[in-house]
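Worksheet: the structure to be examined is printed underneath.
Protein chains in written order, with UniProt numbering: chain A, 1 to 200; chain C, 1 to 200.
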């Protein structure tokens, strides 16, 4: 027998978070009630604002509450004319963290998956094609995941680029830096050999 | 450079949950935005209701939005006259899960800790003393944690009981069921030996 209906509702609602099961939900609910009600209220406020106000950037389709996101609207990011195509907004965070890319992005919000009924227009390729036609793009860097679907999506987009004579490139697959050769799987090592670069 | 201010606020707010660091917060925020906005809104609603409306039960001090919680107000739970004293509301859930206890509870919301300035009135012992004086209590079962502070708290409450001639008992400490003797620590094994029970 539980002592509070609202507490049960809270525990149930917390389970919509990824990786949170019944035990973690209970721990979270009790922790907020006992030690941090103010933080709980702030979280409620941030959640409802984010869920209702955050939409997608008109140009790159990433999450933003503006019409055009901060990266797309920054004139400095338009100079190089490079566009990096990624699968999710989280991938933008990862690429930004390297500090090596100063162009703009395009977020597919998924990958081509005909078996699941996800076709080109579902991952915004009509929007991308419009940009290919109307923008000065120097290079399209395809940074989709190195999975079967990610590769297929990358090749599909590369063909789209060839129609508009825009250079397309794929990020390198190979042995991770700091990794050990004997621990790397065979497919990665094959990619690593095939993609070898001349030193002199 | 982040693309959304509200998204950053949400990630920051999610970190008030126990065990959620920057990476998990990012994963949770993106997961809700991409796949479950409805769930996110429900969570916001459940959080704000719980944080503002849940208080403490007048009798047992557990979390509830009513004046008296469902367990305390249930006449069947008053029959045995037993009261189980626990440190947190989560301990009630654990004891209820055993299905072995049909009495009522008293939640200390902590334990005696003179070094941290936590005295008897901070853990509601004045309320408990009032109940010892005014209710028909057949036994007080002390189920505080088997820590130094938990033991001290149990002994303090046991002395309080002796003043009102109410029987007090302490839950057994010993080898956990399914555990192996050689893997159990020395203190637990000592308790287990000292608390041995006659078989015939």
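Glycine is no exception: its CB is placed at the ideal position from the N, C-alpha and C atoms.
Here the structure is a predicted model, which means the values were calculated and not measured.
- In the structure shown, the three-state DSSP call for residue 141/C is strand.
- Around residue 106/C, no beta-carbon contact reaches into chain A at under 8 Å, the shortest distance being about 13 Å.
- Judged by DSSP secondary structure, residue 164/C falls outside any beta strand (DSSP E); it is assigned neither H nor E.
- Straight through space, the alpha carbons of residue 5/C and residue 130/A are spaced by roughly 28 Å.
- When Cβ-Cβ separations below 8 Å define contact, residue 118/C makes no contact with chain A.
- Where residue 95/A is concerned, the enclosing alpha helix (DSSP H) starts and stops at 89-98.
- Residue contact check for residue 128/C against chain A: no CB pair falls below 8 Å.
- Bridge pairing for residue 131/A: absent [DSSP].
- Using a CB distance below 8 Å, the part of the UniProt domain "Toprim" (81-176) of chain A facing chain C consists of 88, 89, 90, 92, 93, 96, 109, ordered along the chain.
- Chain A places no beta carbon closer than 8 Å to that of residue 22/C, leaving this residue out of the contacts.
- In terms of Cβ geometry, residue 170/C and residue 194/C do not form a close pair [threshold 8 Å].
- In this structure residue 104/C is not in contact with residue 133/C, their Cβ atoms being roughly 16 Å apart against a cut-off of 8 Å.
- For residue 105/A, the beta-bridge partners assigned by DSSP are 84/A.
- Under a 10 Å Cβ-count criterion, residue 135/C is classified as exposed, with fewer than 16 other Cβ atoms of the shown protein chains found around its own Cβ.
- DSSP, read as helix, strand or coil, puts residue 153/C in helix.
- For the pair residue 142/C and residue 71/A, the Cα-to-Cα distance works out to about 60 Å.
- Residue 192/A does not reach chain C, its nearest Cβ partner there being about 27 Å away, counting only Cβ pairs nearer than 7 Å.
- Below the 7 Å Cβ cutoff, chain C contributes no neighbours of residue 61/A, its closest Cβ being approximately 11 Å away.
- A distance below 7 Å between beta-carbons, with the five flanking residues on each side excluded, links residue 118/A to the following residues of its chain, in chain order: 110, 112.
- For residue 56/C, the three-state secondary structure derived from DSSP is strand.
- Remark: C-beta atoms of residue 53/A and residue 67/A do not approach each other more closely than 8 Å.
- A direct Cα-to-Cα measurement between residue 86/C and residue 197/C gives close to 24 Å.
- A distance below 8 Å separates the beta carbons of residue 60/A and residue 106/A.
- Within the same chain, and ignoring the five residues on either side of residue 40/C in sequence, the residues whose Cβ sits closer than 7 Å to its Cβ are 32.
- Among the residues facing chain A, residue 18/C is included, as its CB has a counterpart in that chain under 8 Å away.
- When only Cα atoms are considered, residue 48/C and residue 88/C end up about 22 Å apart.
- For residue 49/C, the C-beta contacts it makes with chain A under 9 Å involve 6, 9, 10, 44, in order along the chain.
- The C-beta distance from residue 81/C to residue 138/C rounds to 3 Å, short enough to meet the 8 Å contact threshold.
- A direct Cα-to-Cα measurement between residue 179/A and residue 94/A gives close to 19 Å.
- For residue 191/A, the enclosing alpha helix (DSSP H) has its first and last residue at 186-194.
- Close to residue 37/C, with beta-carbon spacing below 7 Å, are these residues of chain A in chain order: 51.
- Among the CB atoms of chain A, one or more fall inside 8 Å of the CB of residue 26/C.
- The three-state secondary structure of residue 121/A, taken from DSSP, is helix.
- Taking a Cβ-Cβ cut-off of 9 Å, the neighbours of residue 65/C in chain A comprise 4, 5, 6, 7, given in sequence order.
- Under the Cβ criterion of 8 Å, residue 178/A is not counted among the residues facing chain C.
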